[in-house]
Amino acid sequence: MILDGHGPLHAQVTRALKATILEGRLAHGSRLPATRWLATELGVSRNTVLVAYEQLRAEGFVEAKVGAGSFVALRMAPPAEPDSAPGNAAPQSAYARRARQLHDPERLVGRDIPGMRYSFQYGVPLVNPALTGAWARALAHAARYTRPHYPPAQGLPDLRGAVCDYLARRRGVYAAPEDVLIVAGTQQALALAARVLLDEGDPAAFEEPHYNAIRTVLRVHGARLVPVPVDAQGLRCELLPEQAPPRLICVTPSHQFPTGAVMSLERRMALLEYARRHGSWILEDDYDGEFRYDGRPLAALRSLDGAGRVIYVGTFSKALYPALRLGYMVLPPALRRDFVSAKWLADFATPAIDQAALAAFIADGGFERHLRRSALALRARRAVLLRLLRECGGGRLRIADSGAGMHLPVWIAGRGRADGDALIALAGRRGLGLYPIAPYYLDPPDRAGLLMGYAGLSVTEIEQGMRLFAACLDELFPRGSA
């Protein structure tokens with residue numbers, strides 16, 4: 009018997025004896041070694057062994073017989089032959105089977121490529137040292153003064169009120185605090201929407217191309233996928249099915265992901281009318297609506313909804329940073345109770361200290377000061393990236409610039425996906441992280457396309473990275489070779 013070296017000696021002896029019994033090496037009715045003998049064998053004190061034996065008796069593994077010693081009381085079934093490797097046991101539900109098939113944490117779309125000097129990865133946060141200090145102070149204050157009880161499942165009233173004030177000023181969304189549900193980011197909002205609104209086999213529509221996590225969440229919940237193409241005016245509403253209309257329609261109207269298209273007013277009104285006519289619910293994901301560089305942010309689809317069919321979802325992951333894991337939903341009155349119940353069942357509530365800190369940060373103007381600084385920094389980075397892409401493109405690149413967000417879709421004219429993969433591979437060997445746009449399609453086109461995020465790079469880093477990009481582009485696709 010070998011001790012594992014972790015923790016107090018009596019706990020090590022207890023674990024070792026338990027393992028011996030559970031593995032069948034000491035069968036039911038077997039006498040345990042005398043305490044003095046075992047203490048000598050293990051090089052520990054007799055008192056250590058006595059404490060271990062007492063713990064085993066308390067847990068029912070052994071029983072003591074006066075004058076005879078301690079005996080194994082647990083009757084174990086013969087060990088079965090393992091039918092699969094550890095960690096590969098068959099999932100126990102249809103949900104788990106779909107999740108295992110569709111989600112691999114080691115192969116996430118857009119994950120950072122290790123070892124890159126410059127990475128145009130989408131979703132990397134803007135680094136703002138002033139934000140770090142301000143947020144640390146807000147957290148410290150909240151930790152001292154937040155009540156140490158379970159918070160309301162719907163979220164702290166102060167934060168829900170602050171969200172309402174912010175949305176009215178910035179996004180044209182007017183809501184009462186009782187309409188708002190605080191969630192752990194957009195991903196939880198999507199999962200709650202699928203859980204509340206969809207039964208297995210129900211149709212659910214989404215944009216094509218799209219944010220791939222939407223597709224995964226819908227499929228894991230057993231929805232029947234209804235992809236609807238996107239063009240320069242957003243979702244093509246005329247292609248939504250009249251027969252078997254979707255129960256849920258997921259859209260990014262203010263800045264379509266990943267194409268950058270903005271849904272036209274005509275399309276917005278058509279989508280709202282479709283939902284009203286068919287009783288469908290619309291999930292509006294306004295993931296980066298704060299950042300627009302050619303005018304004021306557009307009003308949200310929710311602001312046009314007179315029939316109560318739009319579920320508006322916002323996140324602080326893009327505006328602050330992903331590690332915060334805070335977002336919100338603005339719910340139609342008919343759905344409030346169902347979503348709050350689903351949130352309670354999922355995790356009781358979002359952490360109260362983080363909520364209190366964010367509520368204070370919004371209320372004292374810190375959040376909007378940060379947004380103004382971020383917008384200036386992003387505008388400068390976007391301008392440099394656009395200029396350098398146009399300079400090095402020489403007619404070889406097609407840039408989809410919508411004047412918003414934190415990324416640019418870039419297509420290589422006349423080249424197929426294999427050519428794009430070759431460019432990504434060559435860039436990677438030279439320390440430049442590039443990322444394909446194809447994974448955001450259910451049925452990717454045979455075109456070489458990149459999704460170039462610029463929030464996580466300084467202007468200088470973008471300039472240096474683009475020198476590498478231009479060299480790779482010239483090497484694989486010389487000017488005039490298309």
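Sequential numbering from 9 applies to the sequence shown in the numbering used here. Note that the Cβ used here is the ideal one computed from N, Cα and C, for glycine as well.
Helix, strand or coil at residue i [DSSP, three-state]
i      : result
Val298 : Note on residue identity: the sequence assigns Glu, not Val, to residue 298. In this structure, Glu298 counts as coil in the three-state DSSP scheme.
Asp207 : coil
Lys73  : strand
Phe214 : strand
Ile505 : This structure cannot settle anything about residue 505, because the visible part of the chain is limited to 9 through 490.
Ile432 : helix
Phe369 : helix
Gly439 : coil
Gly457 : strand
Pro133 : coil
Leu416 : strand
Glu467 : A small fix is needed here, since residue 467 is Val in this sequence, not Glu. The answer is helix: DSSP assigns Val467 an H, G or I state.
Phe356 : coil
Ser78  : strand
Tyr336 : strand
Tyr153 : helix
Val181 : coil
Asp239 : strand
Ser311 : helix
Glu250 : coil
Thr267 : coil
Val52  : coil
Arg406 : strand
Gly169 : helix
Tyr320 : strand
Ile361 : helix
Leu164 : coil
Asp112 : coil
Burial state of residue i (16 or more Cβ within 10 Å)
i      : result
Gln109 : exposed
Asp207 : exposed
Tyr158 : exposed
Ser382 : buried
Gln264 : buried
Asp451 : exposed
Ser349 : exposed
Ala76  : exposed
Gly424 : exposed
Trp45  : exposed
Met460 : buried
Glu71  : exposed
His18  : buried
Pro156 : exposed
Gly314 : exposed
Glu215 : buried
Gly457 : buried
Ser38  : exposed
Met414 : buried
Leu384 : exposed
Gly488 : exposed
Gly297 : buried
Asp187 : buried
Ala201 : buried
Leu34  : buried
Ala327 : buried
Own chain, CB closer than 6 angstroms to residue i, minus 5 neighbours either side, in chain order
i      : result
Ile361 : Ala150, Ala151, Thr154
Ala170 : Ala367, Ile370, Ala371
Val392 : Val467, Ile470
Asp294 : Ser262, Ala308, Gly322
Val52  : Leu17
Leu279 : Cys245
Ser311 : Gly180, Val181
Ala146 : Ala365, Ala368, Phe369
Cβ distance (whole Å) where residue i is taken to contact residue j below 8 angstroms
i      : j      : result
Val228 : Tyr103 : 6 angstroms
Leu11  : Leu50  : 7 angstroms
His378 : Asn136 : 6 angstroms
Ala331 : Leu386 : Between Leu386 and Ala331 the Cβ distance is about 19 angstroms, and since that is not below 8 angstroms, they are no contact.
Ala364 : Pro160 : Not really, about 12 angstroms apart at Cβ, beyond 8 angstroms.
Asp409 : Leu416 : 6 angstroms
Other residues of its chain near residue i: CB distance less than 7 angstroms, five sequence neighbours each side excluded
i      : result
Arg275 : Gln241, Gly242, Leu243, Cys245
Beta-carbon proximity list for residue i, same chain, < 8 angstroms, skipping 5 on both sides
i      : result
Leu421 : It is Ala, not Leu, that sits at residue 421 in the sequence shown. Result list for Ala421: Gly403, Arg404, Leu405, Arg406, Ala490, in chain order.
Arg284 : Ala315, Arg317
Lys73  : Phe79
Val204 : Leu343, Asp346, Phe347, Ala350
Worksheet item: For the 8 angstroms Cβ check, are there 3 or more pairs between the segment 262-275 and the segment 231-240?
Response: yes
Worksheet item: Any chance the segment 12-32 sits against the segment 45-61, with 3 or more Cβ pairs inside 8 angstroms?
Response: yes
Worksheet item: Counting pairs of Cβ atoms below 8 angstroms between the segment 462-474 and the segment 384-399, do you hit three or more?
Response: yes
Worksheet item: Okay, do the segment 333-351 and the segment 182-198 touch, 3+ Cβ pairs below 8 angstroms being the bar?
Response: yes
Item to complete: Count the C-beta pairs between the segment 214-225 and the segment 168-185 that are closer than 8 angstroms, then say yes if the count reaches three, no if not.
Response: no
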